[in-house]
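This report refers to the structure that appears directly beneath it.
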Amino acid sequence: MKILVINAGSSSLKYQLIDMDTEDVLAKGLCERIGIDGHLKHTPLCGGKPVFNEDVAMPTHSEAIAAVIEKLTSPEYGVVASMSEIDAVGHRVVHGGEKFACSVKIDDDVMAALEECIPFAPLHNPANITGINACRKVMGDDVPMVAVFDTAFHQTMPGKAYMYAIPYEYYENDGIRRYGFHGTSHRYVSARCAELMGKPIEDLKIISCHMGNGSSIAAIDGGKCVDTSMGFTPLVGLPMGTRCGDLDSGVLQFIMNKYGLNIDEMLNILNKKSGVLGVSGVSSDFRDLDAAASEGNDRAQLALDMFHYWVAKVAGSYVAAMNGVDAIIFTAGVGENSKSSRAAIAEYFGYLGVKIDEEANSKRGEDIMISTPDSKVKVFVIPTNEELVIARDTKEICC
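See the structure below:
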(Lines of atoms letter the chains of each structure in order from A and count residues from 1; the text may use other names and numbers.)
(Lines give C-alpha, C1' and ligand atoms only; values in the text may rest on other atoms or scores of the structure.)
Protein backbone atom coordinates (compact mmCIF):
# COMPACT_ATOMS: atom_id res chain seq x y z
CA MET A 1 0.00 0.00 0.00
CA LYS A 2 1.37 3.41 -1.01
CA ILE A 3 0.20 6.52 0.80
CA LEU A 4 0.77 10.15 -0.16
CA VAL A 5 1.19 12.44 2.87
CA ILE A 6 0.33 16.09 2.31
CA ASN A 7 1.14 19.08 4.53
CA ALA A 8 -0.36 22.16 2.88
CA GLY A 9 0.51 25.72 3.91
CA SER A 10 -0.91 28.98 2.60
CA SER A 11 1.67 29.21 -0.21
CA SER A 12 3.52 25.91 0.13
CA LEU A 13 2.92 22.16 0.07
CA LYS A 14 5.20 19.46 1.48
CA TYR A 15 4.70 15.83 0.59
CA GLN A 16 6.04 12.31 1.00
CA LEU A 17 5.06 9.11 -0.77
CA ILE A 18 5.48 6.17 1.61
CA ASP A 19 5.39 2.44 0.85
CA MET A 20 3.53 1.14 3.89
CA ASP A 21 4.64 -2.45 3.33
CA THR A 22 8.15 -1.39 4.35
CA GLU A 23 7.47 2.16 5.67
CA ASP A 24 10.16 3.40 3.27
CA VAL A 25 9.83 6.91 1.84
CA LEU A 26 9.81 6.56 -1.95
CA ALA A 27 9.88 10.28 -2.72
CA LYS A 28 9.50 13.61 -0.99
CA GLY A 29 9.20 17.19 -2.11
CA LEU A 30 8.20 20.78 -1.57
CA CYS A 31 6.05 23.11 -3.64
CA GLU A 32 6.75 26.77 -2.85
CA ARG A 33 5.43 30.18 -3.91
CA ILE A 34 1.98 28.81 -4.77
CA GLY A 35 -0.17 31.65 -6.05
CA ILE A 36 2.90 33.73 -6.90
CA ASP A 37 4.92 31.91 -9.55
CA GLY A 38 5.70 28.44 -8.23
CA HIS A 39 8.71 26.21 -7.57
CA LEU A 40 8.93 22.45 -7.08
CA LYS A 41 11.73 20.43 -5.57
CA HIS A 42 10.98 16.72 -6.01
CA THR A 43 13.41 14.16 -4.61
CA PRO A 44 13.03 10.48 -5.59
CA LEU A 45 14.54 8.22 -2.92
CA CYS A 46 14.54 4.97 -4.86
CA GLY A 47 15.43 3.79 -8.36
CA GLY A 48 18.35 6.17 -8.81
CA LYS A 49 16.15 8.87 -10.35
CA PRO A 50 17.41 12.49 -10.50
CA VAL A 51 16.13 15.36 -8.37
CA PHE A 52 13.77 17.84 -10.05
CA ASN A 53 14.34 21.38 -8.77
CA GLU A 54 12.79 23.97 -11.07
CA ASP A 55 10.12 26.65 -11.35
CA VAL A 56 6.64 25.32 -12.17
CA ALA A 57 3.57 27.51 -12.63
CA MET A 58 1.28 27.06 -9.62
CA PRO A 59 -1.54 29.62 -9.61
CA THR A 60 -3.40 27.49 -7.03
CA HIS A 61 -2.88 24.41 -4.91
CA SER A 62 -4.62 22.36 -7.62
CA GLU A 63 -1.75 23.02 -10.03
CA ALA A 64 0.70 22.18 -7.24
CA ILE A 65 -0.98 18.80 -6.59
CA ALA A 66 -1.09 18.12 -10.33
CA ALA A 67 2.65 18.88 -10.57
CA VAL A 68 3.37 16.52 -7.67
CA ILE A 69 1.37 13.68 -9.27
CA GLU A 70 3.06 14.29 -12.63
CA LYS A 71 6.53 14.03 -11.06
CA LEU A 72 5.65 10.99 -8.95
CA THR A 73 4.50 9.13 -12.08
CA SER A 74 6.86 10.51 -14.75
CA PRO A 75 9.32 8.14 -16.47
CA GLU A 76 12.27 10.42 -15.64
CA TYR A 77 11.53 11.40 -12.03
CA GLY A 78 8.78 9.06 -10.93
CA VAL A 79 8.67 6.27 -8.38
CA VAL A 80 5.31 4.75 -9.39
CA ALA A 81 4.00 3.83 -12.83
CA SER A 82 0.64 5.57 -12.49
CA MET A 83 -1.59 7.41 -10.04
CA SER A 84 -3.55 4.18 -9.54
CA GLU A 85 -0.66 2.97 -7.36
CA ILE A 86 -1.39 5.71 -4.81
CA ASP A 87 -3.93 4.02 -2.56
CA ALA A 88 -4.77 6.85 -0.15
CA VAL A 89 -3.80 10.37 0.95
CA GLY A 90 -3.15 11.52 4.52
CA HIS A 91 -3.47 15.22 5.27
CA ARG A 92 -1.98 17.11 8.19
CA VAL A 93 -4.61 19.42 9.69
CA VAL A 94 -3.53 21.84 12.41
CA HIS A 95 -6.74 22.29 14.39
CA GLY A 96 -9.61 19.91 15.02
CA GLY A 97 -11.03 21.74 18.03
CA GLU A 98 -13.06 19.50 20.33
CA LYS A 99 -14.67 17.82 17.33
CA PHE A 100 -11.82 15.43 16.60
CA ALA A 101 -9.95 13.35 19.18
CA CYS A 102 -8.51 11.03 16.54
CA SER A 103 -7.79 10.87 12.82
CA VAL A 104 -10.81 10.50 10.52
CA LYS A 105 -11.66 9.62 6.94
CA ILE A 106 -12.56 12.79 5.09
CA ASP A 107 -16.12 13.25 3.87
CA ASP A 108 -18.42 16.23 3.42
CA ASP A 109 -19.34 16.29 7.12
CA VAL A 110 -15.67 16.35 8.11
CA MET A 111 -15.01 19.18 5.66
CA ALA A 112 -17.86 21.17 7.17
CA ALA A 113 -16.41 20.61 10.65
CA LEU A 114 -12.98 21.77 9.46
CA GLU A 115 -14.57 24.98 8.21
CA GLU A 116 -16.09 25.50 11.67
CA CYS A 117 -12.60 25.20 13.20
CA ILE A 118 -11.13 28.01 11.04
CA PRO A 119 -11.59 30.68 13.77
CA PHE A 120 -9.29 28.63 16.02
CA ALA A 121 -6.50 28.48 13.41
CA PRO A 122 -7.19 31.21 10.83
CA LEU A 123 -3.70 30.99 9.29
CA HIS A 124 -3.41 27.22 9.10
CA ASN A 125 -6.79 25.52 8.69
CA PRO A 126 -7.77 27.36 5.49
CA ALA A 127 -4.51 26.20 3.89
CA ASN A 128 -5.11 22.63 5.06
CA ILE A 129 -8.65 22.73 3.64
CA THR A 130 -7.34 24.13 0.36
CA GLY A 131 -4.86 21.26 0.12
CA ILE A 132 -7.59 18.68 0.73
CA ASN A 133 -9.90 20.25 -1.86
CA ALA A 134 -7.06 20.43 -4.39
CA CYS A 135 -6.31 16.72 -3.90
CA ARG A 136 -9.96 15.78 -4.25
CA LYS A 137 -10.20 17.83 -7.44
CA VAL A 138 -7.09 16.31 -9.04
CA MET A 139 -7.35 12.73 -7.73
CA GLY A 140 -11.11 12.31 -7.67
CA ASP A 141 -13.41 10.76 -5.09
CA ASP A 142 -12.16 7.20 -5.58
CA VAL A 143 -8.93 7.85 -3.62
CA PRO A 144 -9.71 7.80 0.13
CA MET A 145 -8.32 10.66 2.21
CA VAL A 146 -7.70 10.99 5.93
CA ALA A 147 -7.29 14.05 8.18
CA VAL A 148 -4.72 13.79 10.99
CA PHE A 149 -4.94 16.61 13.54
CA ASP A 150 -2.14 18.31 15.49
CA THR A 151 -4.59 18.93 18.33
CA ALA A 152 -6.12 15.45 18.58
CA PHE A 153 -3.46 13.88 20.81
CA HIS A 154 -4.09 16.53 23.47
CA GLN A 155 -7.84 15.84 23.69
CA THR A 156 -7.15 13.43 26.58
CA MET A 157 -6.18 16.35 28.86
CA PRO A 158 -8.49 16.65 31.88
CA GLY A 159 -10.54 19.78 32.43
CA LYS A 160 -8.24 20.98 35.21
CA ALA A 161 -5.43 21.14 32.63
CA TYR A 162 -7.22 22.59 29.61
CA MET A 163 -9.59 25.13 31.17
CA TYR A 164 -8.73 28.83 31.57
CA ALA A 165 -9.80 30.64 34.74
CA ILE A 166 -12.08 33.06 32.91
CA PRO A 167 -15.90 33.17 32.93
CA TYR A 168 -17.10 29.68 32.03
CA GLU A 169 -19.47 30.90 29.33
CA TYR A 170 -16.49 31.71 27.08
CA TYR A 171 -15.76 28.01 27.03
CA GLU A 172 -19.41 26.99 26.65
CA ASN A 173 -20.23 29.53 23.93
CA ASP A 174 -16.92 30.02 22.14
CA GLY A 175 -14.78 26.96 22.83
CA ILE A 176 -12.02 28.98 24.50
CA ARG A 177 -9.70 26.49 26.21
CA ARG A 178 -6.20 25.10 25.84
CA TYR A 179 -5.91 22.80 22.83
CA GLY A 180 -2.17 22.24 22.38
CA PHE A 181 -0.23 21.59 19.19
CA HIS A 182 2.58 19.38 17.86
CA GLY A 183 0.43 16.45 18.96
CA THR A 184 1.44 14.19 16.08
CA SER A 185 5.11 14.68 16.98
CA HIS A 186 4.56 14.09 20.71
CA ARG A 187 2.56 10.98 19.91
CA TYR A 188 5.27 9.52 17.67
CA VAL A 189 8.27 10.13 19.91
CA SER A 190 6.53 8.93 23.08
CA ALA A 191 5.53 5.65 21.40
CA ARG A 192 9.05 5.25 20.04
CA CYS A 193 10.50 5.95 23.49
CA ALA A 194 8.45 3.10 24.95
CA GLU A 195 9.80 0.81 22.23
CA LEU A 196 13.38 1.81 23.00
CA MET A 197 12.80 1.19 26.70
CA GLY A 198 11.21 -2.18 26.02
CA LYS A 199 8.19 -1.33 28.15
CA PRO A 200 4.45 -0.86 27.48
CA ILE A 201 3.70 2.82 27.09
CA GLU A 202 0.79 2.31 29.49
CA ASP A 203 3.37 1.79 32.25
CA LEU A 204 5.41 4.93 31.54
CA LYS A 205 5.37 8.60 32.47
CA ILE A 206 7.07 10.57 29.70
CA ILE A 207 7.88 14.25 29.13
CA SER A 208 8.27 15.08 25.44
CA CYS A 209 10.17 18.28 24.55
CA HIS A 210 9.47 19.33 20.95
CA MET A 211 12.05 22.11 20.55
CA GLY A 212 12.29 24.06 17.30
CA ASN A 213 11.33 27.46 15.97
CA GLY A 214 7.99 26.55 17.51
CA SER A 215 8.36 24.64 20.77
CA SER A 216 6.06 22.78 23.13
CA ILE A 217 6.28 20.25 25.93
CA ALA A 218 3.80 17.47 26.66
CA ALA A 219 3.23 15.39 29.77
CA ILE A 220 2.28 11.87 28.68
CA ASP A 221 1.03 9.46 31.33
CA GLY A 222 0.30 5.92 30.19
CA GLY A 223 0.38 6.98 26.54
CA LYS A 224 -2.15 9.78 27.02
CA CYS A 225 -1.45 13.49 27.10
CA VAL A 226 -2.37 15.00 30.46
CA ASP A 227 -0.90 18.48 29.90
CA THR A 228 0.93 20.52 27.27
CA SER A 229 2.51 23.95 27.16
CA MET A 230 0.76 25.50 24.16
CA GLY A 231 -2.78 26.71 24.61
CA PHE A 232 -5.69 28.19 22.65
CA THR A 233 -3.05 29.24 20.13
CA PRO A 234 0.61 28.24 19.58
CA LEU A 235 1.71 31.61 21.00
CA VAL A 236 2.01 30.59 24.65
CA GLY A 237 4.24 28.33 26.69
CA LEU A 238 7.98 28.43 26.06
CA PRO A 239 9.77 31.43 24.49
CA MET A 240 10.29 30.30 20.90
CA GLY A 241 12.04 31.47 17.77
CA THR A 242 9.84 34.52 17.27
CA ARG A 243 6.91 33.87 19.66
CA CYS A 244 6.88 35.32 23.16
CA GLY A 245 5.54 32.33 25.07
CA ASP A 246 3.80 32.95 28.41
CA LEU A 247 3.19 36.64 29.02
CA ASP A 248 1.26 38.72 31.53
CA SER A 249 -1.72 39.96 29.50
CA GLY A 250 -1.43 43.32 31.21
CA VAL A 251 1.77 43.86 29.22
CA LEU A 252 -0.34 44.02 26.05
CA GLN A 253 -2.51 46.81 27.44
CA PHE A 254 0.53 48.76 28.61
CA ILE A 255 2.40 48.55 25.28
CA MET A 256 -0.69 49.17 23.16
CA ASN A 257 -1.68 52.25 25.14
CA LYS A 258 1.83 53.71 25.28
CA TYR A 259 2.66 53.19 21.58
CA GLY A 260 -0.81 53.49 20.07
CA LEU A 261 -0.91 49.95 18.68
CA ASN A 262 -4.03 48.03 17.70
CA ILE A 263 -4.47 44.37 18.58
CA ASP A 264 -3.31 43.11 15.18
CA GLU A 265 -0.10 45.11 15.43
CA MET A 266 0.44 43.83 18.97
CA LEU A 267 -0.09 40.20 17.98
CA ASN A 268 2.30 40.62 15.07
CA ILE A 269 4.98 41.71 17.56
CA LEU A 270 4.23 38.78 19.88
CA ASN A 271 4.16 36.20 17.07
CA LYS A 272 6.90 37.41 14.74
CA LYS A 273 9.24 39.78 16.59
CA SER A 274 9.51 38.28 20.05
CA GLY A 275 10.94 35.06 21.49
CA VAL A 276 14.69 34.53 21.26
CA LEU A 277 14.79 36.89 18.27
CA GLY A 278 13.32 39.73 20.32
CA VAL A 279 15.54 39.12 23.33
CA SER A 280 18.78 38.59 21.43
CA GLY A 281 18.31 41.06 18.59
CA VAL A 282 20.38 38.57 16.59
CA SER A 283 18.25 35.78 15.12
CA SER A 284 15.47 33.27 15.67
CA ASP A 285 17.87 30.50 14.61
CA PHE A 286 19.47 28.81 17.61
CA ARG A 287 22.63 28.11 15.59
CA ASP A 288 23.11 31.85 15.15
CA LEU A 289 22.50 32.38 18.84
CA ASP A 290 25.10 29.77 19.79
CA ALA A 291 27.64 31.43 17.51
CA ALA A 292 26.89 34.92 18.83
CA ALA A 293 26.98 33.77 22.45
CA SER A 294 30.35 32.10 21.91
CA GLU A 295 31.66 35.46 20.69
CA GLY A 296 30.53 37.18 23.88
CA ASN A 297 27.09 38.48 22.89
CA ASP A 298 25.32 38.77 26.25
CA ARG A 299 21.82 39.13 24.82
CA ALA A 300 22.24 36.01 22.71
CA GLN A 301 23.35 34.13 25.81
CA LEU A 302 20.40 35.54 27.75
CA ALA A 303 17.98 34.32 25.07
CA LEU A 304 19.49 30.83 25.25
CA ASP A 305 19.45 30.85 29.04
CA MET A 306 15.79 31.87 29.08
CA PHE A 307 14.84 29.12 26.66
CA HIS A 308 16.72 26.44 28.60
CA TYR A 309 15.26 27.66 31.88
CA TRP A 310 11.70 27.59 30.58
CA VAL A 311 12.04 24.08 29.15
CA ALA A 312 13.38 22.85 32.49
CA LYS A 313 10.75 24.76 34.48
CA VAL A 314 7.79 23.49 32.46
CA ALA A 315 9.17 19.94 32.40
CA GLY A 316 9.59 20.14 36.18
CA SER A 317 5.97 21.16 36.60
CA TYR A 318 4.97 18.08 34.61
CA VAL A 319 6.95 15.84 36.94
CA ALA A 320 4.70 17.21 39.67
CA ALA A 321 1.55 16.86 37.53
CA MET A 322 2.27 13.17 36.87
CA ASN A 323 3.78 12.49 40.31
CA GLY A 324 6.97 11.25 38.68
CA VAL A 325 8.65 10.69 35.34
CA ASP A 326 10.40 7.73 33.71
CA ALA A 327 11.79 9.36 30.57
CA ILE A 328 12.42 12.75 29.00
CA ILE A 329 12.60 13.14 25.21
CA PHE A 330 14.25 15.84 23.09
CA THR A 331 12.98 16.14 19.52
CA ALA A 332 12.51 18.57 16.57
CA GLY A 333 15.13 20.92 15.11
CA VAL A 334 16.77 22.18 18.30
CA GLY A 335 16.04 19.08 20.34
CA GLU A 336 17.56 16.76 17.75
CA ASN A 337 20.57 18.86 16.73
CA SER A 338 21.74 21.09 19.58
CA LYS A 339 23.85 19.10 22.02
CA SER A 340 24.63 22.29 23.95
CA SER A 341 20.93 23.04 24.54
CA ARG A 342 20.26 19.46 25.60
CA ALA A 343 23.19 19.54 28.02
CA ALA A 344 22.17 22.92 29.46
CA ILE A 345 18.58 21.79 30.04
CA ALA A 346 19.64 18.44 31.50
CA GLU A 347 21.72 20.26 34.13
CA TYR A 348 18.45 21.33 35.74
CA PHE A 349 17.39 17.68 36.09
CA GLY A 350 19.99 16.69 38.69
CA TYR A 351 17.22 16.37 41.28
CA LEU A 352 15.77 13.61 39.07
CA GLY A 353 19.02 11.69 39.09
CA VAL A 354 19.75 12.54 35.45
CA LYS A 355 23.32 12.17 34.24
CA ILE A 356 24.22 12.86 30.60
CA ASP A 357 26.61 10.70 28.58
CA GLU A 358 28.65 13.33 26.69
CA GLU A 359 29.65 10.93 23.91
CA ALA A 360 26.07 9.84 23.27
CA ASN A 361 24.89 13.46 23.43
CA SER A 362 27.31 14.35 20.62
CA LYS A 363 25.61 12.04 18.12
CA ARG A 364 22.98 13.22 15.63
CA GLY A 365 20.26 11.79 13.46
CA GLU A 366 19.46 8.65 15.39
CA ASP A 367 17.27 7.35 18.20
CA ILE A 368 19.59 7.30 21.18
CA MET A 369 19.60 7.36 24.96
CA ILE A 370 21.89 10.20 26.03
CA SER A 371 21.67 9.58 29.78
CA THR A 372 24.09 7.25 31.54
CA PRO A 373 22.91 3.73 32.41
CA ASP A 374 22.73 4.61 36.12
CA SER A 375 20.47 7.65 35.58
CA LYS A 376 17.23 7.27 37.49
CA VAL A 377 15.32 9.05 34.69
CA LYS A 378 16.24 8.12 31.14
CA VAL A 379 16.82 10.88 28.57
CA PHE A 380 16.45 10.24 24.84
CA VAL A 381 16.95 12.06 21.57
CA ILE A 382 14.34 10.80 19.09
CA PRO A 383 14.02 12.40 15.64
CA THR A 384 10.34 13.04 15.07
CA ASN A 385 8.46 11.55 12.12
CA GLU A 386 5.03 13.13 11.83
CA GLU A 387 4.64 11.98 8.23
CA LEU A 388 4.93 8.35 9.27
CA VAL A 389 2.23 8.82 11.93
CA ILE A 390 -0.05 10.36 9.30
CA ALA A 391 0.64 7.48 6.91
CA ARG A 392 0.05 4.84 9.60
CA ASP A 393 -3.27 6.41 10.60
CA THR A 394 -4.30 6.64 6.96
CA LYS A 395 -3.47 2.98 6.40
CA GLU A 396 -5.35 1.88 9.50
CA ILE A 397 -8.46 3.87 8.58
CA CYS A 398 -8.49 3.03 4.87
CA CYS A 399 -7.64 -0.68 5.04
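Here the sequence shown stands for residues 3 to 401, where the numbers follow the numbering used here.
Ideal placement from N, C-alpha and C gives every residue a C-beta, glycine not left out.
Keep in mind the model is a prediction, meaning the values are calculated, not measured.
Residue from the options whose Cα sits closest to the Cα of residue i
| i | options | result |
| --- | --- | --- |
| residue 64 | 30, 6 and 133 | 133 |
| residue 289 | 335, 396 and 311 | 335 |
| residue 47 | 40, 58 and 31 | 31 |
| residue 363 | 381, 352 and 305 | 381 |
| residue 220 | 314, 119 and 269 | 314 |
| residue 172 | 242, 224 and 234 | 234 |
| residue 49 | 130, 79 and 39 | 79 |
| residue 163 | 118, 179 and 200 | 179 |
| residue 73 | 200, 329 and 54 | 54 |
| residue 193 | 126, 165 and 225 | 225 |
| residue 101 | 84, 149 and 67 | 149 |
| residue 143 | 259, 202, 107 and 35 | 107 |
| residue 60 | 123, 200 and 136 | 136 |
| residue 306 | 328, 273, 347 and 269 | 347 |
| residue 203 | 116, 328 and 99 | 328 |
| residue 402 | 39, 105 and 86 | Residue 402 lies beyond the range of the chain shown here (3 to 401); nothing can be said about it. |
| residue 271 | 243, 157 and 366 | 243 |
| residue 339 | 383, 254, 175 and 325 | 383 |
| residue 356 | 153, 375 and 123 | 375 |
| residue 368 | 326, 354 and 386 | 386 |
| residue 161 | 378, 147 and 181 | 181 |
| residue 122 | 76, 110, 265 and 98 | 98 |
| residue 5 | 39, 145 and 111 | 145 |
| residue 354 | 341, 377 and 345 | 377 |
| residue 62 | 44, 38, 52 and 45 | 38 |
| residue 191 | 265, 299 and 330 | 330 |
Length of the line joining the Cα atoms of residue i and residue j
| i | j | result |
| --- | --- | --- |
| residue 391 | residue 27 | 13 Å |
| residue 33 | residue 94 | 16 Å |
| residue 319 | residue 227 | 14 Å |
| residue 337 | residue 216 | 11 Å |
| residue 114 | residue 29 | 31 Å |
| residue 211 | residue 294 | 24 Å |
| residue 71 | residue 19 | 10 Å |
| residue 159 | residue 397 | 26 Å |
| residue 394 | residue 260 | 51 Å |
| residue 222 | residue 278 | 27 Å |
| residue 36 | residue 321 | 44 Å |
| residue 139 | residue 170 | 42 Å |
| residue 195 | residue 366 | 16 Å |
| residue 88 | residue 286 | 38 Å |
| residue 269 | residue 283 | 18 Å |
| residue 258 | residue 273 | 15 Å |
| residue 168 | residue 125 | 25 Å |
| residue 165 | residue 41 | 43 Å |
| residue 116 | residue 10 | 14 Å |
| residue 77 | residue 56 | 17 Å |
| residue 379 | residue 157 | 27 Å |
| residue 112 | residue 262 | 42 Å |
| residue 131 | residue 17 | 15 Å |
| residue 267 | residue 110 | 36 Å |
Beta carbon of residue i nearer than 8 Å to that of residue j
| i | j | result |
| --- | --- | --- |
| residue 187 | residue 388 | yes |
| residue 301 | residue 281 | yes |
| residue 213 | residue 351 | no |
| residue 198 | residue 22 | no |
| residue 309 | residue 241 | yes |
| residue 276 | residue 245 | yes |
| residue 12 | residue 129 | yes |
| residue 68 | residue 15 | no |
| residue 312 | residue 252 | no |
| residue 153 | residue 177 | no |
DSSP beta-bridge partners of residue i
| i | result |
| --- | --- |
| residue 211 | 219 and 332 |
| residue 16 | 9 and 32 |
| residue 55 | 43 |
| residue 90 | 5 |
| residue 371 | 382 |
| residue 226 | 223 |
| residue 176 | Its beta-bridge partners do not exist; DSSP assigns none. |
Presumed contact (8 Å Cβ cut-off) between residue i and residue j, rounded CB distance
| i | j | result |
| --- | --- | --- |
| residue 155 | residue 189 | 5 Å |
| residue 91 | residue 8 | 6 Å |
| residue 323 | residue 229 | 5 Å |
| residue 359 | residue 373 | 6 Å |
| residue 96 | residue 127 | 6 Å |
| residue 183 | residue 218 | 6 Å |
| residue 85 | residue 147 | Rounded, the Cβ-Cβ distance is 14 Å, inconsistent with contact. |
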